[in-house]
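Chemist:
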Amino acid sequence: MHDVCRGDRDAQRELYGRFSGCAASVAMRYVADMDAMKDVMQDSFVKVFTRIRTFNYRGEGSLKAWIIRIVANESLNYLKQRVRYADLDTIPDEPDDGTEPPVNKVPPDKLMKMIAELPEGYRTVINLFVFEQKSHKEIASLLGIKENSSASQYLRAKKQLANKIKTYIQQHEESDI
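Residue 1162 is where the sequence shown ends in my numbering, and the numbering goes up by one at each step.
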């Protein structure tokens, strides 16, 4: 850690190697475009290396959490600059059959792929609500949208994801016959 703070390139390379995988998976939850995700990663690690001296190291877990927070924030900054979040308060909701899809029947990598395929606004809100555990009020503040828009986008994302899960399960149950 001390070598990274001093700007040692080998130590920085080692730190990047150790945390770039989990950081990339966080960035990809928000930014589906691979080139844009790489830009977010680069910007994130530039911030990590320039701000590492101000970080209060309390172990590997605190460092990982700090890096992931930087990546999530950089991903959100990227999206705020490029994505226009529609105000969906006036769009009528699709009917909901009220049943939750059996998520446990879908492998985690397939589920993450399904989330990555959601429209950008939906994907961003579902990531912030589910993975970052932000309230709709916090999401609205982060994205510069209304609280109701956050809730609407979350519900629509959840419905689209449920449909993808149901389709996946049906296809795999048919292939098992």
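All C-beta atoms in this analysis are idealised placements derived from N, C-alpha and C, irrespective of residue type, glycine included. Values in this document were obtained by computation on a predicted structure and should not be read as measured data.
So which of Pro-1086, Arg-1141 and Phe-1004 has the shortest CA-CA distance to Pro-1104?
Modeler: Ranking Pro-1086, Arg-1141 and Phe-1004 by Cα distance to Pro-1104 puts Arg-1141 first.
Chemist: Looking only at C-alpha atoms, which of Asn-1148, Lys-1065 and Leu-1000 sits nearest to Ser-1126?
Modeler: For Ser-1126, the nearest C-alpha among the options comes from Lys-1065.
Chemist: Quick one: what does DSSP say Ile-1130 is sitting in, helix, strand or coil?
Modeler: Ile-1130: coil per DSSP, three-state reduction.
Chemist: Quick one: measure Cβ to Cβ for Ala-1101 and Ala-1009, integer angstroms, because I've assumed they're closer than 8 Å.
Modeler: The Cβ separation is near 12 Å, so there is no contact.
Chemist: Can the beta-carbon of Arg-1014 be found less than 8 Å from the beta-carbon of Asn-1112?
Modeler: Yes, the Cβ-Cβ distance between Arg-1014 and Asn-1112 is below 8 Å.
Chemist: Roughly how many whole angstroms lie between the Cα atoms of Lys-1032 and Ala-1021?
Modeler: Using only the alpha carbons, I get a separation of about 17 Å.
Chemist: Give every residue of the same chain whose Cβ lies closer than 6 Å to the Cβ of His-987, excluding the five residues on either side of it in the sequence, and list them in chain order.
Modeler: Answer for His-987: no residue qualifies.
Chemist: Among the residues of its own chain, which have a CB less than 6 Å from the CB of Cys-990, if the five just before and after it don't count?
Modeler: Around Cys-990: Ile-1037 and Arg-1038.
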